[in-house]
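There are 2 protein chains.
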Amino acid sequence: MIRIAIVGMGSVGRGVADIVGKKDLGIVITAVADSRSGRIDPNGLDIPALLAQKKKTGKCGESGRSALDIIQNAEYDLLVEVSPTNALSGEPAITHIRAALARKKHVVTSNKGPIALAFEELQNLAERNGVSLRYEATVAGAIPIMHSLEHGLAGNEILALYGVLNGTCNYILTRMAAEGLTYEQALLEARELGYAEADSTYDVKGIDAAIKLVILANTIWGNRVKLSDVACTGIDLLTAESLKLAEAEGCTIRLIAEAIPRKNLLRVSPRILEKTHPLVVDGTLNALTLETDMAKEITLIGRGAGSVEAASAIIGDILFISSSHVKGA
Amino acid sequence: MIRIAIVGMGSVGRGVADIVGKKDLGIVITAVADSRSGRIDPNGLDIPALLAQKKKTGKCGESGRSALDIIQNAEYDLLVEVSPTNALSGEPAITHIRAALARKKHVVTSNKGPIALAFEELQNLAERNGVSLRYEATVAGAIPIMHSLEHGLAGNEILALYGVLNGTCNYILTRMAAEGLTYEQALLEARELGYAEADSTYDVKGIDAAIKLVILANTIWGNRVKLSDVACTGIDLLTAESLKLAEAEGCTIRLIAEAIPRKNLLRVSPRILEKTHPLVVDGTLNALTLETDMAKEITLIGRGAGSVEAASAIIGDILFISSSHVKGA
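Chains as they are written, first to last, in this note's numbering: chain A, 6 to 334; chain B, 6 to 334.
Printed below as a string of structure tokens:
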């Protein structure tokens, strides 16, 4: 049995709690916090009651308990850090993760900011304290890319990686190609369906994809790259005409994030691909192709967003840490 | 440092030895055997000399040493069982694996027979003796399907699985569709390129795909299915005409292995798919789609055959066992 604290009670945090309550996974929740309240029960919280209260009152516990207070004082083995966090500043997640690791607690997060901005510091802190920091959910949602890199492809040299890492852009490009919509029309449709936020700059300019590329590059090559190292072009200037031209050649356009260390290349940009190319996935799907020395090309396709999909990745990380611990016990 | 014995010095065994010799992976080879000879060195064999001797003489060591003798007497931590084995009888691999597990040695194999035919017995023996039996290389070559199931998708219920699991059939179907070849013409071409064996029955009748489906089903659901439980139709009766008809509808035909437990369905059969379907991969590629409750659909695509690709999967298994051991030490 592993005891977890969940900080952040948005859709992902509630999704994790819901799954832990419904599945017999050997996980118990001993603490939760949102931005306004917190709750601790060393014997395990009543999850249906917790979710009902959150839904009714917007709070998960007593007012006046801060997330940091919960992280620093509750009894738990592993922090699930899923608080609403600015991906460009990494806060408050960086502070939360640092505090948990300092207490020798494992951390699993879906927040990209801390991993893109402070990976080396946090990873070193985790190693020094003999705990794990895992972040499968930060890139490509439910696709088990980190586990594949760490275990399935262990021993392989990763020569290059190409990915469709932003579902919003992929949805817009899919609709522009399928219906001849303009960028503005497709973006509007994406907003109406909840696939794009009111301020979509972060997605359509390629920044979100670039942040994920930084996380992948640092994970694979440990080469300390930063967001400013990525040459980034978004999809916001693409015309319906350019998609029609691609279409006429049996091709289409996708926003591709690519990293090729031997060429010193880190780039996010719209690329013309044959329609049968494995990275040409439709709608909000994500896809990654890894070029390796032994396994050659491996492509993974799946859902890049969604609270249950993110919870799936988080649960995978929790169970991996839990089973590693049982072995180590 | 983990000490391995390699039994079987065909292309996969030599591929593993070559990689262990060239990469600094913390693996040392202390014993090898082929069908006619064997060699032991507790300090680690000289790999370039070993491969040179095998190439020159066809033997890897002293005549008269049997594989079983090596398995039972050499000092090693993990057996790599890659001997030429009949997939329908599982021998001699089953005997080899049983002997190694009985000595409390871990086993990694690329041989499908033992896993399809004797999985439960061998898995129980491994568990009783506190060692691991891993077989990533048995299904879909270099695609990290077993690691994805075990770790990346841990906590997910797998609702269904669909796969293109036989590269020979996929090559033939790709060529029939692309060039309008008849089945016989495409098969001949596959033979000339080394993608099909002289006796291709095992591949084209869907038996190879069915065996892999049995391995996957037993791994995922532990439901003790056998080859005879799979409803199996091959590609050998497909006409060029049927592929043309599919083509006219924007579709094509692929040999799909599928398992859907809630429908009690285990089937290998040619299926019509839209050309943009993720399982429509070209040439000798393999592909799998998993339908899960949380991650939803996850598709993995990669090379299903090749000695280096198989070696990649085997090395991944060795390193996983090695790292689990370090944690447990």
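Glycine included, every Cβ here is placed at the ideal spot set by N, Cα and C.
Within-8 Å CB hit, residue i to chain C
i, result
"Met181/B", "Protein chains in the displayed structure are A and B, and chain C is not among them."
C-alpha gap between residue i and residue j, whole angstroms
i, j, result
"Thr294/A", "Ala264/A", "11 Å"
"Thr206/B", "Gly118/A", "54 Å"
"Gly227/B", "Ala98/A", "40 Å"
"His152/A", "Ser153/B", "7 Å"
"Ile225/A", "Ser68/B", "44 Å"
"Thr62/B", "Phe325/B", "34 Å"
"Ala310/B", "Ala92/B", "15 Å"
"Leu186/A", "Cys174/A", "14 Å"
"Gly333/B", "Lys110/B", "Only weak support is given to the placement of Gly333/B: the predicted model assigns it a pLDDT of 39, under 50, and the question is left unresolved by the model."
"Gly321/A", "Leu305/A", "17 Å"
"Glu86/B", "Val112/B", "7 Å"
"Pro166/B", "Ile148/A", "The residue you asked about is not Pro; residue 166/B is Leu in the sequence shown. Going by the C-alpha atoms only, they are around 16 Å apart."
"Ser327/B", "Gly199/A", "45 Å"
"Val230/B", "Ala131/B", "20 Å"
"Ile11/A", "Ala22/B", "46 Å"
"Arg196/B", "Asp213/B", "17 Å"
"Arg276/A", "Asp29/B", "37 Å"
"Ala251/A", "Ile261/A", "15 Å"
"Val285/B", "Val286/A", "12 Å"
"Arg8/A", "Ile75/A", "14 Å"
"Val33/A", "Met6/A", "7 Å"
"Leu127/A", "Asn269/A", "25 Å"
"Asn134/B", "Ala201/B", "39 Å"
"Leu248/B", "Glu184/B", "10 Å"
"Gly146/A", "Ser233/B", "38 Å"
Proximal residues of chain A, C-beta to C-beta of residue i below 8 Å
i, result
"Ser16/B", "None at all; the shortest Cβ gap to chain A is about 14 Å."
Residues near residue i in its chain [Cβ-Cβ closer than 6 Å; skip 5 each side]
i, result
"Ser274/A", "Thr238"
"Ala121/B", "Ile216, Val219, Ile220"
"Phe124/A", "Asn223"
Endpoints, the beta strand (DSSP E) within which residue i is located
i, result
"Cys256/A", "256 to 265"
"Ile274/A", "Correcting the residue identity first, residue 274/A is Ser in this sequence and not Ile. It spans 270 to 279 - the beta strand (DSSP E) in which Ser274/A sits, taken as one unbroken run."
"Thr224/A", "From DSSP, Thr224/A is part of no beta strand (DSSP E) but of the alpha helix (DSSP H) over 212 to 226."
"Val1/B", "Nothing in the structure corresponds to residue 1/B, since chain B is present only between 6 and 334."
"Thr297/B", "290 to 297"
"Glu302/A", "302 to 308"
"Ile148/B", "Element bounds for Ile148/B: n/a, residue is neither H nor E."
"Glu86/A", "83 to 86"
"Ile45/A", "42 to 45"
"Ala72/A", "Counting along the chain, Ala72/A falls outside any beta strand (DSSP E), though it belongs to the alpha helix (DSSP H) covering 72 to 78."
"Thr244/A", "Per DSSP, Thr244/A belongs to no beta strand (DSSP E) and is neither H nor E."
First through last residue of the alpha helix (DSSP H) which encompasses residue i
i, result
"Gly118/A", "117 to 133"
"His101/B", "98 to 107"
"Leu164/A", "From DSSP, Leu164/A is part of no alpha helix (DSSP H) but of the beta strand (DSSP E) over 163 to 169."
"Ala182/B", "172 to 184"
"Ala57/A", "52 to 62"
"Ala38/B", "First-last for Ala38/B: 32 to 38, but that is the beta strand (DSSP E), not the alpha helix (DSSP H)."
"Thr114/A", "Looking at the DSSP string, Thr114/A is not in any alpha helix (DSSP H); the run it does join, the beta strand (DSSP E), is 111 to 114."
"Thr206/A", "206 to 209"
"Ala22/B", "16 to 27"
"Leu284/B", "Leu284/B -> no alpha helix (DSSP H), and no H or E assigned at all."
"Ala191/B", "188 to 197"
Within chain A, partners of residue i - CB distance below 7 Å
i, result
"His152/B", "His152, Ser153, His156, Gly157"
"Phe325/B", "His156, Ala159"
Within chain B, partners of residue i - CB distance below 9 Å
i, result
"Asn91/A", "By Cβ distance, chain B contributes nothing, its closest Cβ being about 27 Å from Asn91/A, past 9 Å."
Contacts that residue i makes with chain B (C-beta to C-beta distance below 8 Å)
i, result
"Met299/A", "Ile24, Ala147, Val313, Glu314, Ala316, Ser317, Ile320"
Interface partners of residue i on chain B, CB under 7 Å
i, result
"Glu302/A", "Gly307"
Residues near residue i by beta carbon distance below 8 Å, same chain, minus five either side
i, result
"Pro53/A", "Gly26"
"Arg19/A", "Leu56, Lys59, Ser312"
"Thr297/A", "Leu158, Asn161, Glu162, Ile163, Leu164, Ile303"
"Gln77/B", "Ala104, Arg108"
"Gly288/B", "Gly172, Asn175, Tyr176, Thr179"
"Leu290/B", "Val169, Gly172, Asn175, Ile306, Gly307, Arg308, Gly309"
Cβ-based neighbour list, residue i, same chain, cut-off 7 Å, excluding 5 preceding and 5 following
i, result
"Arg70/B", "Ala38, Ser42, Gly43"
"Ala191/A", "Ile177, Arg180, Met181"
"Lys280/B", "Gly255, Cys256, Thr257"
"Arg272/B", "Val235, Ala236, Glu263"
>> To be precise: take each residue of the stretch 169 to 200 of chain A, compare its Cβ to all Cβ atoms of chain B, and keep it if any distance is under 9 Å. Which residues remain?
In response: none
>> If the cut-off is 8 Å on Cβ atoms, which residues from the stretch 273 to 284 of chain A count as contacting chain B, listed in chain order?
In response: Lys280, Thr281, Pro283
> For the stretch 29 to 40 of chain A, which residues have a beta carbon sitting closer than 8 Å to at least one beta carbon of chain B?
Replying inline: Leu30
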